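What follows is a set of notes on a single structure, which appears directly below.
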Amino acid sequence: MGDSKRRKEALGEKYGQEADIFPWLPVKKSQAQQFVSWTTRGAWIGIGLLVLYWVTVRFIGPALGLWQVN
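Residue numbers in the sequence shown follow my numbering, run continuously in steps of one, and reach 154 at the last position.
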């Protein structure tokens with residue numbers, strides 16, 4: 085008998101299903117990878133917005149004379 089048949093008999097209904105990250109946490113490995121992907125994309129968007137804000141305050145604002153001290 086091959087190893088996959090033994091594994092299939094041992095796991096029963098759980099054979100071929102994706103495993104949880106931890107037994108006490110009902111999150112699948114693909115869901116965790118998707119979460120990392122979304123949060124990485126969000127972080128880069130935040131960094132881009134921060135740079136845009138910095139360029140606006142540092143260069144565009146003074147060039148337009150918006151923050152003049154009297």
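From the three backbone atoms N, C-alpha and C, an ideal C-beta is built for every residue, glycine too.
Fair warning: this is a prediction, and the values are worked out from it, not measured in the lab.
Asked, Found
"Do you know offhand how far Gln111's Cα is from Ile105's?", "Contrary to the premise, residue 111 reads as Val rather than Gln in this sequence. Straight-line Cα distance between these residues: approximately 6 Å."
"Within a Cβ cutoff of 6 Å, which residues of the same chain sit near Lys92, ignoring the five residues on either side of it in sequence?", "Tyr99"
"From Ser121 to Ala147, what distance separates their C-alpha atoms?", "38 Å"
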